[in-house]
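Following: one structure in structure tokens, then a few remarks.
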Ligand code: PGA
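In this note's numbering, the protein residues as written are 946 to 1195.
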């Protein structure tokens, strides 16, 4: 049985005051024995604040990205071991904004995924097609290629500690959500692909849906058999909106 995971990607949003208020709200409105696990991804400058507020609690946190190298002359970059040192349990890899705005290739993402595992972090591997790719019938080819980049580089066992987030690019930040059936179809494709490699890994792996998840659509999405939670952007920026999604888990 896979426990639902509700994760908040705060992107480049926030301030000390907002992070404090949001985390205190989430702590007050969620429980260690709740139906879902909660994880938040603040910007790097707020990890220390997240650590001080969340340490010892049931809410985990992580970095939004990491450099593939473990240390060295990489001005402006952050390593997996630094994230681990700050108390992170998770790190996002290959978010579509990293791929499209900052030019991260499938191979770059695989190297970052590898660095996350070396730092003993759980990588959240984000995959998803653009609208153009969907319209051309390329969704499975694109998502399959993004998964293969990691599997071919590291082997299937690398997925044991991972989470996958299927985020159709056309649904991110647009208010347009994939229908539960559209999302379920791609999640089933991902799980079947993994099942052909390893039944046990495929059965345990959590596959999150991301792209305009909100309180009003979360229950229907999470009710799909292969959707194990959500990676939430806009609706994770206030405790009220994020807790509405958390509460939708039944
Ligand atoms: P959204 O973002 O919920 O604002 O669409 C999701 C994401 O980018 O992870």
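We put the CB at the ideal spot given by N, CA and C, even for glycine.
Name, in chain order, the residues that DSSP records as bridge partners for residue i.
{"i": "residue 892", "result": "Outside the shown range of the chain (946 to 1195) lies residue 892, about which nothing can therefore be said."}
{"i": "residue 951", "result": "983, 1175"}
{"i": "residue 1035", "result": "1007, 1067"}
{"i": "residue 1097", "result": "For residue 1097, which the question treats as bridged, DSSP gives no partner whatsoever."}
{"i": "residue 1012", "result": "1024"}
Can you give me the C-alpha to C-alpha distance between residue i and residue j, rounded to a whole angstrom?
{"i": "residue 1058", "j": "residue 1013", "result": "8 Å"}
{"i": "residue 1151", "j": "residue 952", "result": "12 Å"}
{"i": "residue 1070", "j": "residue 1147", "result": "15 Å"}
{"i": "residue 1142", "j": "residue 1094", "result": "15 Å"}
{"i": "residue 1033", "j": "residue 1008", "result": "7 Å"}
{"i": "residue 1119", "j": "residue 1180", "result": "12 Å"}
{"i": "residue 1005", "j": "residue 1083", "result": "35 Å"}
{"i": "residue 1100", "j": "residue 1088", "result": "17 Å"}
{"i": "residue 1097", "j": "residue 1086", "result": "15 Å"}
{"i": "residue 1128", "j": "residue 969", "result": "32 Å"}
{"i": "residue 1130", "j": "residue 1018", "result": "43 Å"}
{"i": "residue 972", "j": "residue 1073", "result": "31 Å"}
{"i": "residue 1159", "j": "residue 1063", "result": "34 Å"}
{"i": "residue 1170", "j": "residue 1105", "result": "20 Å"}
{"i": "residue 1186", "j": "residue 1192", "result": "10 Å"}
{"i": "residue 997", "j": "residue 1081", "result": "47 Å"}
{"i": "residue 976", "j": "residue 982", "result": "9 Å"}
Under 7 Å: does the beta carbon of residue i sit that close to some heavy atom of the ligand PGA?
{"i": "residue 954", "result": "yes"}
{"i": "residue 1157", "result": "yes"}
{"i": "residue 1069", "result": "no"}
{"i": "residue 1072", "result": "no"}
{"i": "residue 1116", "result": "yes"}
{"i": "residue 1180", "result": "yes"}
{"i": "residue 1112", "result": "yes"}
{"i": "residue 1176", "result": "yes"}
Quick one: does the C-beta of residue i sit closer than 7 Å to a heavy atom of the ligand GDP?
{"i": "residue 1087", "result": "Among the ligands present in this structure, namely the ligand PGA, the ligand GDP is not found."}
Just checking, does the region 949-957 make contact with the region 982-991 on the three C-beta pairs under 8 Å criterion? yes
May I ask you to verify whether the region 1112-1119 touches the region 1136-1149, counting CB pairs closer than 8 Å and requiring at least 3? no
Specify whether the region 1019-1026 and the region 995-1002 touch according to this definition: at least 3 beta carbon pairs, one from each stretch, less than 8 Å apart. no
With three or more C-beta pairs closer than 8 Å as the rule, is the region 1045-1052 touching the region 1117-1135? no
Could you say if the region 1031-1043 and the region 1076-1084 meet the contact criterion of at least three C-beta pairs nearer than 8 Å? no
Given 8 Å as the limit, is there contact between the region 1159-1177 and the region 959-975, that is, 3 or more CB pairs closer than that? no
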